[in-house]
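Participant:
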Amino acid sequence: MGLLEVKGVGKRFGGLQALGDVNLSVQENTVHAIIGPNGAGKSTLLNCFVGKLIPDTGSVMFNGQSVLGRTPFEINQMGISRVFQTPEIFGDLNVMENMMIPCFAKRDGAFRLHAFETVENEKDLVEKAEQMLIDVNMIDKRHMNAASMSRGDKRRLEMAMCLVQDPKLLLLDEPTAGMARADTNNTIDLLKEIKEKRDITMAIIEHDMHVVFSLAERITVLAQGTPLVEDTPENIKGHPKVQEAYLGEAH
Amino acid sequence: MDAIILQILNGLDKGSAYALIALGLTLIFGTLGVVNFAHGALFMIGAFCAVTMQRILTLSYETIDATKTDFLGNALKVKTPYVESWFGPEMGASIIDWAVPLAILFSIPIMLLVGYVMERGLIKHFYKRPHADQILVTFGLAIVLQELIKHYYGANPIPTGAPDAFKGSFDFGTLLGFDPNTVIYPYWRMVYFAFAAVIIGAVFAFLQFTTFGMVVRAGMADRETVGLLGINIDKRFTIMFGLAAAVAGLAGVMYAPINSPNYHMGMDFLVLSFVVVVVGGMGSLPGAVLAGFMLGILESFASMNWIKDIVPGIDQIIIYLVAIIILLTRPRGLMGRKGVMED
Amino acid sequence: MLGLSKKDTKFLFIVIALTAATPILLQPFPEGSAMSQFNAGYPDLMQRFAIFGIFAIGFNILFGLTGYLSFGHAAFLGVGSYSAVWMFKLLSMNVLPGIILAIIVSGLFALVIGYVSLRRSGIYFSILTLAFAQMSFNLAYSVLTPITNGETGLQVTLNDPRILGQQVAANGNVPPTNFFGLEMGSSLKIPVGGWEFTFNAGYYFCAVIAILAFYLSLRIFRSPFGLMLRAIKTNQTRLNYTGLNSRPYTLAAFVISGMYAGLAGGLLASMDPLAGAERMQWTASGEVVLMTILGGVGTMMGPILGAGFIKYFENIFSKINENVLHQWFSFLPDGLEGFVIWVAEHFVGSGWHLTSGVLFMMVVIFLPGGLVEGGQRIGKKLKRKKSDGDGDDAEHHPKQSPHVAE
Amino acid sequence: MSNSNLTRRGVLKSGAVAGAGVALPTIFTASSAAAYTNEPMGGSVTLGFNVPQTGPYADEGADELRAYQLAVEHLNGEGDGGMMNTFSSKALKGNGILGKKVEFVTGDTQTKSDAARASAKSMIEKDGAVMITGGSSSGVAIAVQGLCQEAGVIFMAGLTHSNDTTGKDKKANGFRHFFNAYMSGAALAPVLAARYGTDRKAYHLTADYTWGWTQEESIVASTEALGWETVNTVKTPLAATDFSSYITPVLQTDADVLVLNHYGGNMVNSLTNAVQFGLREKQVNGRDFEIVVPLFSRLMARGAGENIKGILGSTNWHWSLTDEGTQAFVKSFGTKYGFPPSQAAHTTYCQTLLYADACERAGTFNPCGVGEALEGFEFDGLGNGKTTYRAEDHQCFKDVLVVRGKENPTSEFDLLEVVEVTPAAQVTYDPDHPMFTGGALGECNAG
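Chains as they are written, first to last, in numbering that gives the first Met the number 0: chain A, 0 to 250; chain B, 0 to 342; chain C, 0 to 405; chain D, 0 to 446.
#1: Could one say the Cβ of Asn239 of chain C lies closer than 8 angstroms to chain A's Cβ atoms, at least one of them?
#2: Short of 6 angstroms in beta carbon distance, which residues of its chain neighbour Gln154 of chain C, apart from the five on each side in sequence? Order them along the chain.
#3: Using the Cα positions of Ala260 of chain C and Ile53 of chain C, report the straight-line distance between them to the nearest angstrom.
#4: Would you kindly work out how many angstroms separate the C-alpha atoms of Val287 of chain C and Ala74 of chain C, rounded to a whole number?
#5: So what does DSSP say about Gln46 of chain C, is it helix, strand or coil?
#6: How would you call Arg150 of chain A, buried or exposed, if buried means at least 16 neighbouring beta carbons within 10 angstroms?
#7: Can you list, in chain order, the residues of its chain whose CB lies under 7 angstroms from that of Gly127 of chain D, leaving out five sequence neighbours each side?
#8: Find the nearest neighbour of Ile95 of chain B within the set B:Thr51, B:Val246, B:Ala131, B:Asp233, judged by alpha-carbon distance.
#9: Tell me whether Leu169 of chain A sits in a helix, a strand or coil according to DSSP, three-state version.
#10: Show which residues of chain D have a CB atom less than 8 angstroms away from the CB atom of Ser259 of chain B.
#11: Who pairs with Lys99 of chain D in a beta bridge, going by DSSP?
#12: Which one of B:Ile318, B:Met43, B:Met293 has the shortest CA to CA distance from Leu140 of chain B?
#13: Kindly say whether Thr249 of chain C, judged by its beta-carbon, lies nearer than 8 angstroms to any beta-carbon of chain A.
#14: Which residue's Cα is closest to the Cα of Ala185 of chain D: D:Pro293, D:Val418, D:Asp431?
#15: Ordered along the chain, which non-local residues of its own chain (more than five positions away) have a Cβ less than 8 angstroms from that of Lys120 of chain D?
#16: Let me check understanding here. Comparing Cα to Cα, which of B:Gly248, B:Lys76, B:Phe268 lies closest to Leu104 of chain B?
#17: Starting from the beta carbon of Tyr245 of chain D, find every residue of chain B whose beta carbon is closer than 7 angstroms, and list them in chain order.
#18: Is it the case that the Cβ atoms of Gly350 of chain C and His263 of chain B are separated by a distance below 8 angstroms?
#19: Mind listing, in chain order, the continuous alpha helix (DSSP H) runs of no fewer than 4 residues lying wholly within the stretch 318–347 of chain C?
#20: Suppose contacts are defined by Cβ-Cβ distances below 8 angstroms. Is Ile122 of chain B in contact with Leu31 of chain B by that definition?
#21: So is Gln36 of chain C buried or exposed if we call it buried at 16+ other beta carbons inside 10 Å?
#22: Quickly, what does DSSP pair Ala156 of chain D with across the bridge? List them, please.
#23: For Leu175 of chain B, does the count of other Cβ atoms within 10 angstroms reach 16, so buried, or fall short, so exposed?
#24: Residues in the same chain with beta-carbon distance under 7 angstroms from Pro175 of chain C, minus the five sequence neighbours each way, listed in chain order, please.
#25: Could you tell me whether any Cβ in chain B is nearer than 8 angstroms to the Cβ of Pro22 of chain C?
#26: If we define contact as Cβ-Cβ less than 8 angstroms, is His124 of chain B a contact residue for chain D?
#27: Thinking C-alpha only, which one of D:Val139, D:Asp107, D:Ala171 is nearest Leu158 of chain D?
#28: What's the call for Ala37 of chain B, buried or exposed, on a 16-neighbour Cβ count within 10 Å?
#29: Beta strand (DSSP E) containing Ile33 of chain A: first to last residue?
#30: What three-state label does DSSP hand Tyr262 of chain B in the structure shown?
#31: Rounded to whole angstroms, how far is the Cβ of Gly29 of chain B from the Cβ of Met253 of chain B, which I believe are closer than 8 angstroms?
#32: With 7 angstroms as the C-beta to C-beta threshold (strictly closer), list the residues of the stretch 138–156 of chain A near chain C in chain order.
#33: Helix, strand or coil for Ile313 of chain B per DSSP?
#34: Does Thr65 of chain C get closer than 8 angstroms to chain D when you measure Cβ to Cβ?
#35: Please determine if the stretch 51–62 of chain B and the stretch 278–296 of chain B are in contact, where contact requires at least 3 C-beta pairs separated by less than 8 angstroms.
#36: If you draw a straight line from the alpha carbon of Gly97 of chain C to that of Gly79 of chain C, how long is it in whole angstroms?
Okay, structure coming up:
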């Protein structure tokens, strides 16, 4: 039984069958990549995990519970954190404040009217957030305005914000999209580091084969809304079906 | 039945004014992304173009009539408009009588100019500023414009009649088999409705069938991409602002005979037209027009006696009530696009 | 101290000191001098500064922190006033029950309106709140006259029951509003040289409450709750994917700011026991928006400054008439005097609206951050002069997030 | 108070009343230092002119202000003296009031009860005004009257026509010179019956707020008493600008008279709309359809242009009256400003003179003394014939004018012609008439 069990998920948008009959199982403590050419339905699938979309058919079970029909914040409270294709951070706040928000969410749940406490006085959480910033090498930028940082730093911050919640499952939506090669390599290193430091399950949607093969322990190949194969990176590399699916693709 | 026909006509008439103002608001919002709180003031300036035209035509010289006395007991000064002495009393009188239609010609260049100056002088600097700032600065401008008008024209309404040819009303009822004089409608109000229909049609045709319009529509949909194509969209948007001002101004000129213009008529319409725009859906031109007519008609129905007997005070709140219901059932109004002004 | 950081404590004490000294600060010109027209140190206006300060502080909790622009906040102010006056009519002229009821009723009202309106965001939210407030105003003016006394406004009369208090005062009139015997209208007048300072009980009552309100909002700004509200303003998507439900946060902010408005309304009625329907009109809602933007959205001091600014112009400039102008400019030669007065007339007396319109535009054009930004710029200039040649230019430091208290 | 110097001075000032030898600062209510609120101490006395300067009634407010300035001039012995020369009471000497020069402050009511009270409060608290006057709507008049009662100053109402001002909301410190809705009805109904017959069917459109309701009630009662039938009474929102949807239903009834209980912009628009829909040319059962506007104001009538021609209504006063009081007033106002005064100007001018005269006769500015002098005061020569300020409700009783929109005006001011001057006796009612009950004057308050 995997941490995330996807059974028979299908989704139509009008006349377009975005997802056919997707079955997928993400095992605990593995890095699972979902790859496929443009329009294969990767993002649609991811949106079904986090509550943004509800599939027409099938089930998505996380840790033995269905996530379908739940809102994004409920699913996050179950233990799934998500990193977006373009970093979603709180631009008007500084780095430390960005970090405190997931800390509060983790401790206090989806809503608490803590109007008469002071952020600075939450020593445990401040310490936790600072430790996380140290881990991702951003501690010297803690007072910086988040919007004024480079894209790479924003990505780093977003990941830190997700990781500080100790998620059971971390979903990454093309974490290196639009990045220069150097930045991509930094991100790969960061993710590897994270993987080494803590027990975490990751599901990555990715386009870039370099990233996939550097990180993934298992790979699902998606084409036209249905999974072609699921296997280890080594086996996927030489798989004829995969090559066929990617024929003519730039990657 | 006759009552309902009449209220539909009333509604179309009120709706014409709402729709014309809302159309201009939406043009400005859709193209420039600016929330223009001074739009009501443009409508008001339009109406005062009619007043000014009337004033110009009735510029008079004074002669003393010794047979009559004024309120102080002095000999009465009789005013004779210059046009009457130039063209003869009858011709002159009929020229004055046609002040409002003449004001249409007079108002178009004025409104275009007002729009151009407003856009280049002020609005331009607010494209990238938050909507709250745009609201504040245009609201300030609206106050300034209305106070200036108040200073020179006073606070009282100023009667600005329609030409005699359009006075009186048309008896619809007899065409439809009702008793005479039960279903009648004033000519000028019918003119107003027709005029609104023509203007709305013209604006849509302009946007639909001219290259200029196509570029603007594309700009409304995706400003950056159009900008990337190397098209000078800003210049076209300036023209669009002038156009929107002209639409509001024409709506005002034609409205003058329906209700005597006063300096705060713009503010009276402003809030309602915002409700109309939002109910129609931000940025949607057909939505604005549709919502304008819909709310006008509903408002008219709500003022019918038997409805007021059932729900007292319904005519006071109907527009807001409908707005709430529509916004709760259709999140982005009748025809709004996703993501516009939602943050 | 008081759960505040050092900087905030200092800030709070400055505010307390300024509030306490208001009767002196607002009376800079001697009585009878030509400039005494500009003095604002009389009870009614000082009370209004404090009360509208509270209103704007509350509004800023919603608009400044979450970015939700309510265009119907005056409705809560009006509801607060009506509740308070009803308490004066039924219970007693003690202001306490009135103010408490005002806060409770406006809170409930805000809960209902907020629950519905917060289903939408952006301008759709603004229009929903506007619609609710306009409905309240229109009905209060007409159909609800039995409750609101319509056009005239709800007043206390000699026939009211006032079961816990005096029905008629000893002098045969309606008893004055009081706080356990301390009459709101009572003042201590102290003449100093040519000046006369008025220390009014009602003002200090409002001032104490305003300081409490300010302190509370300072705590909210610094609290995790306040942080969440600011997060809502910048990125609701991220907030939802971080496991936080934005709806109860925005609703709580809406209700809290509605209660602030109700408190302001209750105080307004306590200082002057009348509740007029115009308090709920869209122009009144717009006024608090203007106050907040004019002062500086999301800053602590901004809304208070904005409230003071607008109320000052409304009450002082509208009272300057031609006679006063003649007094001022009588030293000029005749022709010039005539011209100066002709120009000035546009802006004072019946032209005070024009002045406020021009000032709104000037502030937004030249001070996008409101009056607070103006203050900061002046402060910076002074600082720069001091540290001239120091080379310690602020711009060479990494950009820091602006501190919300500034 | 750490500065003992400040404290000492405070005591010195209040010492006269608080008693010598009190070492602590005395907390006193706004006015107890003096015998009454804002007792004039120096050589001048300040009056507060609180009129609408912004909003739809701003022009009316401006005219009120002109009249106030003229009255102040006359009181101080400048100008030609105006109606002071024709006023039956000769207490005023042209040397100010009680020898004190008259000064004034102005404020903006914005035609909102809140703003009006704020403005009046600032006059009382900041400028030391001993009397407040003005206003152009009943809501404002009642609100400010209540304030003046609480603060202990006299309120001389400006333009306010609602029965409530001297009915259920009457106050001991408040006085009204203007006529009211009941009087409009009582004056108008006989003229209507005489001209249009006693078997008419009336349809009322009424502004949906307190003034509108009292006027509708008054007109309905007085016309029904003469045999008219009321077909319907419809309330219209204050904010309405286009009245078409309220006018068209009239077409479907058998009503042959339309009564517009509207004022200001509402009146202009509803009348304009009614004429647009051809109601003036309409025939019902062989008789001309008629429109009636019970409360006419020349300033507002101007906004309706030609539409007012031939329409009957009532008004408090009109410049074309020929008595010597009116002529003196019109002459001095017209000479100064170049156009004739409005009824609002006339009322505010009269109120100022009446107040000053009452102070002279009472020998004090104390509101209680002034009130006593005004109560039951009978006078003449102020343009409305013999007039009484009734003690029971502080309402003036005088002749009421029934007017009609003039067919051939000679100037832009010559819009109304007087049809009949209804004698005061005909419009007088009992103080406990049901339309006026529900309130009490209370005791005069001197602060």
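Idealized CB from N, CA, C, for every residue including glycine.
Facilitator: Short version:
#1: Stepping through the third sequence from its first residue, residue 239 of chain C is reached at position 240. Answer yes: the Cβ-Cβ gap between Asn239 of chain C and chain A drops below 8 angstroms somewhere.
#2: On the third sequence, residue 154 of chain C is found 155 positions in, with the first residue counted as 1. Within the same chain, Cβ atoms closer than 6 angstroms to the Cβ of Gln154 of chain C are found at Leu273, the five residues on either side in sequence being excluded.
#3: To locate residue 260 of chain C, count along the third sequence from 1; it is residue 261. To locate residue 53 of chain C, count along the third sequence from 1; it is residue 54. CA-CA distance, Ala260 of chain C to Ile53 of chain C, rounds to 7 angstroms.
#4: Taking the first residue of the third sequence as 1, we reach residue 287 of chain C at position 288. Taking the first residue of the third sequence as 1, we reach residue 74 of chain C at position 75. If I take the Cα positions, the gap works out to 12 angstroms.
#5: Here the question's residue 46 of chain C lines up with position 47 in the third sequence. Gln46 of chain C falls in the helix class under three-state DSSP.
#6: In the first sequence, residue 150 of chain A corresponds to position 151, counting from 1. Under a 10 Å Cβ-count criterion, Arg150 of chain A is classified as exposed, with fewer than 16 other Cβ atoms of the shown protein chains found around its own Cβ.
#7: Position 128 of the fourth sequence, counted from the start, is the residue given in the question as residue 127 of chain D. Excluding positions up to five away in sequence, the list reads Asn37, Thr45.
#8: For the purposes of this step, residue 95 of chain B is taken as residue 96 along the second sequence, with counting starting at 1. If we check each option's Cα against that of Ile95 of chain B, B:Thr51 comes out closest.
#9: As a working note, residue 169 of chain A is residue 170 in the first sequence. Of the three classes helix, strand and coil, the one that applies to Leu169 of chain A here is strand, per DSSP.
#10: Within the second sequence, numbered from 1, the residue matching residue 259 of chain B stands at position 260. Simply Val267, Asn268, Thr271, Gly302, Ala303, Gly304.
#11: On the fourth sequence, position 100 is the one that residue 99 of chain D refers to. Lys99 of chain D pairs with D:Ile96.
#12: Taking the second sequence and counting its residues from 1, the one referred to as residue 140 of chain B is at position 141. Comparing alpha carbon positions, the residue from B:Ile318, B:Met43, B:Met293 closest to Leu140 of chain B is B:Met43.
#13: Taking the third sequence and counting its residues from 1, the one referred to as residue 249 of chain C is at position 250. Judged by the 8 angstroms Cβ criterion, Thr249 of chain C is not in contact with chain A.
#14: Counted from its first residue, the fourth sequence places residue 185 of chain D at position 186. Measuring from the Cα of Ala185 of chain D, the nearest candidate turns out to be D:Pro293.
#15: Along the fourth sequence, one-based indexing puts residue 120 of chain D at 121. Only Leu146, Ala150 meet the Cβ criterion.
#16: Numbered from 1 along the second sequence, position 105 holds the residue referred to as residue 104 of chain B. Nearest in C-alpha terms to Leu104 of chain B, of all of B:Gly248, B:Lys76, B:Phe268, is B:Gly248.
#17: Residue numbering aside, residue 245 of chain D sits at position 246 when the fourth sequence is read from its first letter. Neighbours of Tyr245 of chain D on chain B, chain order: Ser302.
#18: Counting from 1 along the third sequence, the entry for residue 350 of chain C is found at position 351. Counting from 1 along the second sequence, the entry for residue 263 of chain B is found at position 264. No, they are not a contact pair.
#19: 321–328, 333–344
#20: Taking the second sequence and counting its residues from 1, one reaches residue 122 of chain B at position 123. Taking the second sequence and counting its residues from 1, one reaches residue 31 of chain B at position 32. Their beta carbons are under 8 angstroms apart, which means Ile122 of chain B touches Leu31 of chain B by this criterion.
#21: By 1-based counting over the third sequence, the position of residue 36 of chain C is 37. By the neighbour-count rule (16 or more Cβ atoms within 10 Å), Gln36 of chain C is buried.
#22: Counting from one through the fourth sequence, the residue named residue 156 of chain D turns up at place 157. Beta-bridge pairing links Ala156 of chain D to D:Gly133, D:Arg175.
#23: Residue numbering aside, residue 175 of chain B sits at position 176 when the second sequence is read from its first letter. Burial call: exposed.
#24: The sequence position of residue 175 of chain C within the third sequence is 176, counting from 1. Contacts found: Met92, Glu182, Met183, Gly184.
#25: In the third sequence, counting from the first residue as 1, residue 22 of chain C sits at position 23. With 8 angstroms as the cut-off, Pro22 of chain C does not count as an interface residue toward chain B.
#26: Numbered from 1 along the second sequence, position 125 holds the residue referred to as residue 124 of chain B. No, because no Cβ of chain D sits closer than 8 angstroms to the Cβ of His124 of chain B.
#27: Reading the fourth sequence from its first residue, position 159 is the one you call residue 158 of chain D. Answer by Cα proximity: D:Val139.
#28: For the purposes of this step, residue 37 of chain B is taken as the residue at position 38 of the second sequence. Buried: at least 16 other Cβ atoms inside 10 Å.
#29: Taking the first residue of the first sequence as 1, we reach residue 33 of chain A at position 34. DSSP places Ile33 of chain A inside the beta strand (DSSP E), whose first and last residues are 30–34.
#30: The count along the second sequence starts at 1 and reaches residue 262 of chain B at position 263. In the three-state DSSP reduction, Tyr262 of chain B falls in the coil class, being neither helix nor strand.
#31: Taking the first residue of the second sequence as position 1, residue 29 of chain B is located at position 30. Taking the first residue of the second sequence as position 1, residue 253 of chain B is located at position 254. Gly29 of chain B to Met253 of chain B, Cβ: 24 angstroms. No contact.
#32: His142, Met143, Asn144, Ser147
#33: In the second sequence, counting from the first residue as 1, residue 313 of chain B sits at position 314. Looking at Ile313 of chain B - three-state DSSP - the assignment turns out to be helix.
#34: Here residue 65 of chain C is taken as the residue at index 66 of the third sequence, counted from 1. Taking Cβ atoms only, chain D never reaches closer than 8 angstroms to Thr65 of chain C, which makes this a no.
#35: no
#36: Taking the third sequence and counting its residues from 1, the one referred to as residue 97 of chain C is at position 98. Taking the third sequence and counting its residues from 1, the one referred to as residue 79 of chain C is at position 80. Spanning the two alpha carbons is a distance of roughly 9 angstroms.
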